[in-house]
Amino acid sequence: MRRWQKEKASMAVKNVFASRWGVVLVGAVIGILAPVLQKLGNPGNMGICVACMERDMAGALGLHRAQVVQYLRPEIIGFVLGSLVAAYLFKEFRPRAGSAPIVRFVLGVFAMIGALVFLGCPWRAMLRLAGGDGNAILGLAGLAFGVWIGTLFLKSGYTLGRTQSTSATVGWILPLIMLGFLVLLVLFPQVPGEPKSGVLFYSVKGPGAMHAPVAVSLGIGLLVGFLAQRSRFCTMGALRDLILFRSTHLFGGFVSLILFAFLTNLLLGQFKAGFVGQPVAHTQHFWNFAGMALAGLAFALAGGCPGRQLFLAGEGDGDAAVFVIGMLVGAAFSHNFGLASSPQGIGPHGMAAVIVGFAVCLWIGLTLRKKTV
Amino acid sequence: MATTVDARGFSCPQPVLMTLQAIKATQPGELVVLVDTDTSKENVMRAAQSQGYVVKDVSQEGEGYRIHIQRG
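In structure tokens:
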């Protein structure tokens, strides 16, 4: 057998999840497991939300002190470690870094700020829609708008430059941080009714107090991290590739997630259609749109949705790890400076933050353009 | 001689954009694309096939891949 035929054959064996149906399958798995996590305790339409969960982690670590959103979410730890395991098993762990890390950090900060004005990442926008929350339509429209702006920059030569392959140590930093978080979670478990356990903060009410059992959350996180690394699942990429290349490859997973989450919600009695009174959501339509548009633009400029950044970090991408840390810091800014929304509406400085975020992202998009061929 | 696109170090979608730009700019019969991640390799192969090219050869090169595509 010729070498490329061998390569093709081995790809088919080792990477079935990266096929069209593989991506659809992974979307279905996430679409089923996320509502199950809600049934087991996670907040409404928040079975999995990378932005919300990283915000809760920032709270658990005391980076912000919003008492209702503090919990060291095991799902996020699982995403990174599951991806790490998959990358090692399939020889795809490639430590690399050096592509404009400070820009990626700032994009992570503003991606989180935009997501918290809407109240969710793209995954949660889809889960909110699948749970009947009409406000998610504005969020998803905003996400598509932001990604569309990002594609205009990509088409005109926007780039953050090349990464360089580097020491395995660099690739291990974020997985080790996540392992450290897991150790903290084991050493300082939640004490019912107590706002603090050792060094960790825990919510006693609000979304942060709602969670599935730790082992279930971690197990599902590991599984999703493993599958998403194999399938290259990316919600922003799904829209970007559709707009940029008319490619529906990743979009299949996007649609599958919504469809299976909708069906699972129906089965579990979690579907409630409407705009008002939806869990952890507000009805300020313009700001739902604008918040997610900012997040979408930041994701497009950084090259991946927040979930994808975690999976990339798990396979050794130090720049994606910097984006993740940027999101944690962005969550802290959001709650320390009154930028984040609540079910009552946007925060006192949410509008200003979105405007500043757009200005910064547009400046980044406009000034980092050069011919790449 | 095949045109070579060095997309090593770039994350997606840039390797795909660079490949499509090269196809559009020169309409080459053959093209060699260098990438350094499996995701880029898969995406470039898929994009090339969508443009009527066939993957003639994929080989390991350093820590990445050399993808040789040809107009089908």
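Residue numbers (the numbering used here), protein chains in the order written: chain W, 1 to 373; chain E, 1001 to 1072. Beta carbons: idealized from backbone N, C-alpha and C, even for Gly.
For VAL373/W and chain E, any beta-carbon pair shorter than 8 Å? With a pLDDT of 44 at VAL373/W, under the threshold of 50, the modelled position of this residue cannot be trusted, and the question is left open.
*Reduced DSSP secondary structure (H/G/I, E/B, other) of ALA28/W*: helix
Q) What residues in its chain sit with their C-beta under 7 Å from that of PRO43/W, if we drop five residues either side in the sequence? A) PRO207, MET210, PRO279 and VAL280
- Task: Answer yes or no: does any C-beta atom of chain E fall closer than 8 Å to that of GLN309/W?
- Result: Not a single C-beta of chain E is nearer than 8 Å to the C-beta of GLN309/W.
Contact set between ALA1047/E and chain W, taken where Cβ atoms lie within less than 9 Å: PHE245 and SER247
Among residues of its own chain, excluding the 5 on either side of THR159/W, which ones have a beta-carbon nearer than 8 Å to its beta-carbon?
Taken in chain order, the residues that qualify are LEU368, ARG369, LYS370 and THR372.
Exercise for review: Identify the continuous beta strand (DSSP E) that holds GLU1030/E and give its terminal residues.
Suggested key: 1030-1035
| request: Assess, as a yes-or-no matter, whether the segment 291-306 of chain W is touched by the segment 116-126 of chain W under the definition of 3 or more beta carbon pairs within less than 8 Å. | output: yes
- Based on the DSSP output, what are the partners of VAL23/W in its beta bridges? According to DSSP, VAL23/W bridges with nothing at all.
Quick one: grab the DSSP three-state call for PHE90/W. coil
Note to self: When you compare the CB positions of PHE286/W and SER83/W, do they come within less than 8 Å of one another, or not?
What the structure shows: no
* Asked: From this set, SER217/W, ASP56/W, LEU138/W and ASN15/W, which residue's C-alpha is nearest PHE90/W's C-alpha?
  -> ASN15/W
* Asked: According to DSSP, what are the bridge partners of LEU200/W?
  -> SER197/W
- Query: Can you tell me whether ALA12/W is buried or exposed, with buried defined as 16 or more other CB within 10 angstroms of its CB?
  - Reply: Since pLDDT at ALA12/W reaches only 46, below the 50 mark, its modelled position is unreliable, and no value is offered.
### Query
Any C-beta of chain E sitting closer than 8 Å to the C-beta of ALA18/W?
yes
- Item | Through-space distance from LEU63/W to VAL191/W, alpha-carbon basis | 20 Å
How is the alpha helix (DSSP H) around ASP319/W delimited, first residue to last?
-> 318-336
Closer than 9 Å between beta carbons: that is the criterion. Which residues of the segment 35-61 of chain W meet it against chain E?
none
### Message
On the criterion of 16 or more Cβ atoms from any shown chain inside 10 Å, does ARG344/W qualify as buried, or is it exposed?
### Response
Checking the sequence shown, residue 344/W turns out to be Gln, not Arg. With fewer than 16 other Cβ atoms within 10 Å, it is exposed.
_Buried versus exposed call for ARG308/W [16 or more other C-beta atoms within 10 Å across all chains shown]_ = buried
**Item:** Three-state secondary structure assigned by DSSP to ILE1067/E
**Value:** strand
Might you give, ordered along the chain, the residues of its own chain that have their beta carbon closer than 6 Å to the beta carbon of MET126/W, omitting 5 neighbours on each side?
LEU257 and ILE258
Within the same chain, show all residues whose beta-carbon is closer than 7 Å to that of ASN336/W, passing over the 5 residues directly before and after it, in chain order.
HIS64
Flag GLU1042/E as yes if its beta-carbon sits less than 8 Å from any beta-carbon of chain W, otherwise no.
yes
**Report entry** Meets three-Cβ-pair contact criterion under 8 Å: the segment 91-98 of chain W and the segment 235-250 of chain W
**Finding:** No, because fewer than three Cβ pairs between the segment 91-98 of chain W and the segment 235-250 of chain W fall closer than 8 Å, the two stretches do not touch.
- Simplified DSSP state of VAL1044/E, which is helix, strand or coil: Correct three-state label for VAL1044/E: helix.
- Task: Express the C-alpha separation of LEU250/W and THR235/W in angstroms, rounding to a whole number.
- Result: Roughly 8 Å between the two C-alpha positions.
task = Would you verify that the beta carbon of GLY303/W is, or is not, closer than 8 Å to some beta carbon of chain E?
result = Cβ-Cβ to chain E under 8 Å: yes for GLY303/W.
ask   = CB GLY225/W to CB VAL80/W, shorter than 8 Å?
value = yes
(Q) Rounded to whole angstroms, what is the Cα-Cα separation between ALA331/W and GLY1029/E? (A) 50 Å
For this session: Throw me the rounded Cβ distance for the LEU104/W and GLY357/W pair, which I believe falls under 8 Å.
Result: A quick correction: the sequence has Arg, not Leu, at residue 104/W. Incorrect: roughly 15 Å between the Cβ atoms, too far for contact.
- Message: Please report whether the beta-carbon of LEU143/W lies at a distance below 8 Å from any beta-carbon of chain E.
- Response: no
- prompt: If you draw a straight line from the C-alpha of LEU269/W to the C-alpha of ALA1048/E, how long is it?
  reply: The sequence given here has Gly at residue 269/W, not Leu. Straight-line Cα distance between these residues: approximately 45 Å.
Chain-ordered neighbours of LEU1031/E on chain W, where CB pairs are closer than 7 Å: Simply none; closest approach about 11 Å.
>> Residues in the same chain with beta-carbon distance under 8 Å from ALA100/W, minus the five sequence neighbours each way, listed in chain order, please.
In response: LEU160, GLY161, ASP319 and LEU368
Check your understanding: beta strand (DSSP E) containing ASP241/W: first to last residue?
Key -> Per DSSP, ASP241/W belongs to no beta strand (DSSP E); it is in the alpha helix (DSSP H), 235-245.
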